[in-house]
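Residue numbering for the sequence shown follows the numbering used here, beginning at 598 and increasing consecutively. By construction, the Cβ of each residue, glycine as well, lies at the ideal position given by its N, Cα and C atoms. Just so we're clear, the structure is a prediction, and the values are computed from it rather than from any experiment. Okay, structure first, notes after.
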Amino acid sequence: MEREQTLSLIAAAQNGDTSACEELLSCNSPLIKSVIRRYKNKGVDYDDLYQLGCVGFIKAVKNFSFEYEVRFSTYAVPMIAGEVKRFLRDDGPVKVSRGTKAMSIKIAKFVELYKKEHGESPTIETIAKEFDIEASEAVFIMDSCRYPLSIYDSNDDSGRAIVDKLQSSENEEEKLDKMMLKQIINELPPRDKKIILLRYFADKTQSEVARVLSVSQVQISRLESKILCKIRSRYGDGLH
């Protein structure tokens, strides 16, 4: 979808045109899906994740200002991610005690070690005996913390266990944050972009940046604070 068409639909949606909002959702469905797939292994159904992503997207449509010097997609991505993160942080599908979580981790490690040594998953009775608990309690702990035995099996042709994919979920989230950050920096005005790159990627001090730009250190300090505040005000919970 062309930028002009997107902006036109956003303006219409902000004025109450539901069909414009629906068209934006339809055209940006791939964008929403690309964001929520990073959270597929967080214990929330995919359909629910998609609905959360849509809520974040609609908020982005509602709050987007035409004065922002960014593409709408750049603005929408952290809004979509922020809605999902907020749900996982505040509402979460299951609340589990620390003791149960700690035991589930021990059981998961035992299952992994057992399977490596024996070439098969341990039975519930074996797990219960190992930890001196009832079989029903072992089932409850694994199920409540979403560590079923099949988590150590492969569910595709890659041969990778599901648990390996879950363990890498934090890295996937970091990749998303980096992608969002790259988009945001690329949309900054040239001077602002240079300041951020020199300060946070070239590891320059404010005084060094001031010399590069032929301004005072005080000016750089004020500009840097202004840039960071502008980024935070626009992207909120979407960024760490």
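7 angstroms Cβ cutoff met for residue i and residue j
| i | j | result |
| --- | --- | --- |
| residue 639 | residue 685 | yes |
| residue 672 | residue 663 | no |
| residue 606 | residue 628 | no |
| residue 732 | residue 721 | yes |
| residue 653 | residue 680 | yes |
| residue 817 | residue 803 | yes |
Cβ-based neighbour list, residue i, same chain, cut-off 6 angstroms, excluding 5 preceding and 5 following
| i | result |
| --- | --- |
| residue 613 | none |
| residue 819 | none |
For residue i, the nearest candidate out of the options (CA to CA)
| i | options | result |
| --- | --- | --- |
| residue 787 | 824, 723, 804 and 808 | 824 |
| residue 811 | 792, 799, 709 and 798 | 792 |
| residue 609 | 659, 813 and 802 | 659 |
| residue 674 | 631, 624, 719 and 643 | 631 |
| residue 827 | 784, 805 and 797 | 784 |
| residue 730 | 626, 703 and 806 | 703 |
| residue 625 | 600, 822, 698 and 797 | 600 |
| residue 682 | 635, 615, 657 and 669 | 635 |
Same chain, Cβ closer than 8 angstroms to residue i, neighbours up to 5 away in sequence not counted
| i | result |
| --- | --- |
| residue 723 | 711 |
| residue 707 | 719, 724, 727 and 728 |
Nearest-angstrom beta carbon gap, residue j and residue i [assumed within contact, 8 angstroms]
| i | j | result |
| --- | --- | --- |
| residue 637 | residue 649 | That pair is no contact at about 12 angstroms. |
| residue 794 | residue 809 | With 8 angstroms as the limit, residue 794 and residue 809 do not qualify as a contact, their Cβ atoms being about 11 angstroms apart. |
| residue 655 | residue 700 | About 40 angstroms separates the two Cβ atoms, so there is no contact after all. |
Rounded straight-line distance, which links the Cα of residue j to that of residue i
| i | j | result |
| --- | --- | --- |
| residue 617 | residue 611 | 9 angstroms |
| residue 801 | residue 807 | 10 angstroms |
| residue 815 | residue 789 | 15 angstroms |
| residue 651 | residue 633 | 10 angstroms |
| residue 736 | residue 715 | 21 angstroms |
| residue 623 | residue 829 | 28 angstroms |
| residue 758 | residue 734 | Unreliable positioning characterises residue 758 in this predicted model, as indicated by a pLDDT of 46, which lies under 50. A coordinate reading is not provided. |
| residue 799 | residue 696 | 44 angstroms |
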